[in-house]
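Residue numbers (our numbering): 50 to 286. Every residue gets a Cβ at the ideal spot worked out from N, C-alpha and C, and that includes glycine. Structure first, commentary second.
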C-alpha cells in the first residue's frame, strides 16, 4: 500500500520503503507510477509479505486464452498442447499442417499455411502464465526461456501490450497469440482448446475457470496456487 509518509507514521504502520521523487507537470496531467519489471515487483511484494507475516487471499480468477486466425477452419476449435505451442514459438513448427498438429486434430482441415507466432515483448503477467504452460509441456522451453514475464528472441513478432497481440493476430491469417479470454471474445477470435494435466482438451470459459479455481493447490507458505497442475483449464492466473 502507498501512503504519505506522515500518515503512515501517524498510523503506526511498518514502513518498508520510502519513494523519493520530484516531477514537473507542464501538461496538467500525470501518468502515475509504472512498474517496468513485473518480475521485480513480484519479488518485492513477496518479501514484504514475508516480513509482515501477511497472506494474500485471491478474490478473482481470469483465463489467458490462446487465439488463432485460421479462416479455413470455419470457426471449429483447434486443439493444442504445451509441447506444440513451445515448438511453434521456438520456430520448430512453422506450418499449420505439421504432423504434430494434425495428430492432435484428426479430421480438422488444417491448411498448408505458415504460422505467425505473436507474443508480448513487454513484461506481462499473461506472458508468465503462457510461458509456464509451455515450460510444463516442453523440456527445451523449460530450460530457456522457461516460465517468465519477459519473453525475448522468439519466432514471429513481438509486440507491446495485449491489445497489440489481438490486433496483430486479427490482421494476419495464420497467426497465433495469447491474451485474456475477455479480449479474445470481444475481438471475436477463435480460442484454442488446451490439453490439461489430465490429458483432456479444455476450452477456457466460466465453467472451466471455476473448476480450476476450486481444484487449485495452494502453497501453505505464501497462499499461492499452481494453476498449471489443476486438472481443469491450465491458462489461469
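The C-beta of residue 169 has 16 or more other C-beta atoms within 10 Å across all chains shown, which makes the residue buried. If you look at residue 127, you'll find it isn't in any beta strand (DSSP E); DSSP assigns it neither H nor E.
By the neighbour-count criterion, in which 16 or more other beta carbons inside 10 Å mark a residue as buried, residue 166 falls on the buried side.
Rounded to whole angstroms, the gap between the alpha carbons of residue 194 and residue 207 is 15 Å. A residue is called buried once 16 or more other Cβ atoms fall within 10 Å of its Cβ, and residue 259, having fewer, is exposed. If you compare the alpha carbons of 186, 100, 113, 205 with that of residue 261, the shortest gap goes to 113.
By a beta-carbon distance limit of 8 Å, residue 117 contacts residue 241. Their separation comes to about 6 Å. If you check the CB distance, residue 173 and residue 198 come in under 7 Å.
Residue range 224-229 is occupied by the beta strand (DSSP E) that includes residue 224.
No Cβ-Cβ contact shorter than 7 Å links residue 146 with residue 157.
Excluding five sequence positions before and after residue 217, the CB atoms of its chain that fall closer than 7 Å to its own CB belong to 167, 206, 208, 224, 226, given in chain order.
Under the three-pair Cβ rule at 8 Å, the stretch 244-253 counts as touching the stretch 122-135. Note that the C-beta distance between residue 57 and residue 64 is below 7 Å.
Note on residue 150: 16 or more other CB atoms within 10 angstroms of its CB, so buried under the neighbour-count rule. About 4 Å separates the beta carbon of residue 204 from that of residue 140, a gap short enough to meet the 8 Å contact definition.
By the Cβ-count criterion, residue 228 is buried, with 16 or more other Cβ atoms from all chains shown falling within 10 Å of its own Cβ. Shown here, residue 95 sits in a helix according to DSSP, grouped into three states.
Residue 142 places its beta carbon 7 Å or farther from that of residue 148. At least 7 Å separates the beta-carbon of residue 190 from that of residue 200.
In this structure, residue 120 lies away from residue 53, with their beta-carbon atoms at least 7 Å apart. For residue 207, the uninterrupted beta strand (DSSP E) segment begins and ends at 206-208. Judged by DSSP in its simplified three-state form, residue 149 adopts helix. Judged by DSSP secondary structure, residue 243 falls within the beta strand (DSSP E) whose first and last residues are 242-244. By the CB criterion at 7 Å, residue 181 and residue 196 fall inside the cutoff.
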